[in-house]
Amino acid sequence: MNPPSLITSRDNPLLKRLRVLAQDSTAYRKQGQVWLEGDHLCRALLARGHRPATAVFSEPYWPVAPHALRDACEHRVLIPEALMAGISGLESPAGVGFAWDLPAAVGPQLGLAAVVLDRLQDAGNVGSILRSAAAMGFAQVLALKGTAALWSPKVLRAGMGAHFALHLVEGLAPEDLGDLGVPMLVTSSHRGDFLHQAALPWPCAWVLGHEGQGVGAALEAMASQSVRIVQPGGEESLNVAAAAAICLHASAAAR
Numbered sequence: 000m001n002p003p004s005l006i007t008s009r010d011n012p013l014l015k016r017l018r019v020l021a022q023d024s025t026a027y028r029k030q031g032q033v034w035l036e037g038d039h040l041c042r043a044l045l046a047r048g049h050r051p052a053t054a055v056f057s058e059p060y061w062p063v064a065p066h067a068l069r070d071a072c073e074h075r076v077l078i079p080e081a082l083m084a085g086i087s088g089l090e091s092p093a094g095v096g097f098a099w100d101l102p103a104a105v106g107p108q109l110g111l112a113a114v115v116l117d118r119l120q121d122a123g124n125v126g127s128i129l130r131s132a133a134a135m136g137f138a139q140v141l142a143l144k145g146t147a148a149l150w151s152p153k154v155l156r157a158g159m160g161a162h163f164a165l166h167l168v169e170g171l172a173p174e175d176l177g178d179l180g181v182p183m184l185v186t187s188s189h190r191g192d193f194l195h196q197a198a199l200p201w202p203c204a205w206v207l208g209h210e211g212q213g214v215g216a217a218l219e220a221m222a223s224q225s226v227r228i229v230q231p232g233g234e235e236s237l238n239v240a241a242a243a244a245i246c247l248h249a250s251a252a253a254r
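Each residue of the sequence shown is one higher than the last, beginning at 0 in numbering that gives the first Met the number 0.
As structure tokens, then:
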């Protein structure tokens with residue numbers, strides 16, 4: 000491979016574009032790329048057989064960067080540490096980041112085990128649910144309008160690489176989920192079958208609702224089953240990401 004190109008100007012067009020991707024939660028929708036910062040996310044991309052369009056390294060990190068990262072693509076860029084800090088959305092900037100071209104948008108896939116996100120607001124919750132979905136063998140995550148942007152930097156960091164194992168669709172309306180080809184299960188804090196006693200179908204689509212309002216009426220009406228988690232400690236409800244992990248694990252264990 001050719002040696003990496005050195006960029007020293009903050010006003011370089013590539014660096015301007017990367018700053019927007021790193022700091023604007025929805026910029027990926029216009030640019031068709033995401034910024035993956037740090038060794039873990041970059042390695043996760045490569046582990047799933049993907050390759051970045053551009054690999055960016057800070058000057059101090061380049062000499063010690065693993066070969067897998069250094070050889071990830073043809074277009075490699077070297078920048079001063081201060082310029083990497085200017086791109087970064089982290090308190091301690093990483094030494095490497097990838098710009099990756101998003102796959103072409105495709106709608107929900109029929110017959111796949113799925114997780115449906117109904118207007119979840121918190122990026123940390125969304126990323127955590129993606130991690131649980133990938134770990135428990137769910138193939139796709141379908142996000143309704145009003146859900147935190149799935150490819151935003153905060154969700155990417157919280158997802159820890161789970162994005163690359165999932166088919167992701169966002170901006171959906173309830174009517175777009177009318178025929179997923181699998182039973183739909185809604186979570187509730189106060190009614191339905193107790194999870195530990197329920198017969199869980201596989202594959203299925205788990206619906207997880209807004210942190211404060213829960214699952215919307217339209218999706219509740221489409222569901223074949225409502226499920227709640229026993230809480231002997233007496234709390235009113237669980238954090239949605241914690242509830243998701245429990246429900247998705249129950250499905251995986253019952254397969």
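The C-beta atom is built at its ideal place from N, Cα and C for all residues, glycine as well.
**OP:** Kindly examine the ligand GTP and report whether one of its heavy atoms sits closer than 8 Å to the Cβ of Ala46.
**Re:** The ligand content of the structure shown is nil, which means the ligand GTP is not present either.
Original post:
In this structure, does DSSP put Arg130 in helix, strand or coil?
Top reply: If you number the sequence shown from 1, residue 130 lands on position 131. Looking at Arg130 - three-state DSSP - the assignment turns out to be helix.
Subject >> Short Cβ contact (9 Å threshold) for Ala197 with Glu169 >> reply: Translated into positions along the sequence shown, residue 197 becomes position 198. Translated into positions along the sequence shown, residue 169 becomes position 170. For Ala197 and Glu169, no; Cβs fall outside 9 Å.
Subject >> Minimum Cβ-Cβ distance from Thr186 to chain C less than 9 Å >> reply: Absent here is chain C; the protein component of the structure consists of one chain.
Original post:
Among all the DSSP beta bridges, which residues are the ones paired with Ser8?
Top reply: The residue labelled residue 8 in the question sits at position 9 within the sequence shown. None; Ser8 has no bridge partner.
Original post:
Can you name the start and end residues of the beta strand (DSSP E) that Gln32 belongs to?
Top reply: Translated into the one-based positions of the sequence shown, residue 32 becomes position 33. Segment Gln32 to Glu36, the beta strand (DSSP E) holding Gln32.
Original post:
Would you report the Cα separation of Gln108 and Ala54, rounded to the nearest angstrom?
Top reply: On the sequence shown, residue 108 is found 109 positions in, with the first residue counted as 1. On the sequence shown, residue 54 is found 55 positions in, with the first residue counted as 1. Looking at the two C-alpha atoms, the distance is approximately 31 Å.
**OP:** Entirely within the stretch 116-198 and at least 4 residues each: give me those alpha helix (DSSP H) ranges in chain order.
**Re:** 122-134 and 152-158
Original post:
Since Leu119 and Leu176 are thought to touch, with beta carbons under 8 Å apart, how far apart are those beta carbons, to the nearest angstrom?
Top reply: Counted from its first residue, the sequence shown places residue 119 at position 120. Counted from its first residue, the sequence shown places residue 176 at position 177. No, Leu119 and Leu176 are not in contact; Cβ-Cβ is about 15 Å, not under 8 Å.
**OP:** Give the single residue among Asp23, Asn238 and Pro173 whose Cα lies nearest to the Cα of Ala216.
**Re:** Looking up residue 216 in the sequence shown gives position 217. Comparing Cα positions, the closest option is Pro173.
Subject >> Supposed close pair Leu20, Tyr27 - CB separation, criterion 8 Å >> reply: In the sequence shown, the residue the question calls residue 20 occupies position 21. In the sequence shown, the residue the question calls residue 27 occupies position 28. Sure, about 6 Å apart at Cβ, within 8 Å.
Subject >> Cβ-Cβ separation, Ala243 to Ser181 (assumed contact under 8 Å), whole Å >> reply: Along the sequence shown, one-based indexing puts residue 181 at 182. Along the sequence shown, one-based indexing puts residue 243 at 244. Rather than Ser, the amino acid found at residue 181 in this sequence is Val. So it is not a contact: roughly 17 Å between Cβ atoms.
Original post:
Count the other CB atoms within 10 Å of the CB of Val125; is the residue buried (16 or more) or exposed (fewer)?
Top reply: Within the sequence shown, the letter at position 126 stands for residue 125. Flag for Val125 reads buried.
Subject >> Pair within 9 Å by beta-carbon distance, Leu171 and Ala138 >> reply: For the purposes of this step, residue 171 is taken as the residue at position 172 of the sequence shown. For the purposes of this step, residue 138 is taken as the residue at position 139 of the sequence shown. In this structure, Ala138 does not lie closer than 9 Å to Leu171 by Cβ.
Original post:
Hey, Gly37 and Gly110: beta-carbon distance below 9 Å or not?
Top reply: In the sequence shown, residue 37 corresponds to position 38, counting from 1. In the sequence shown, residue 110 corresponds to position 111, counting from 1. Result no, Cβ atoms of Gly37 and Gly110 do not sit closer than 9 Å.
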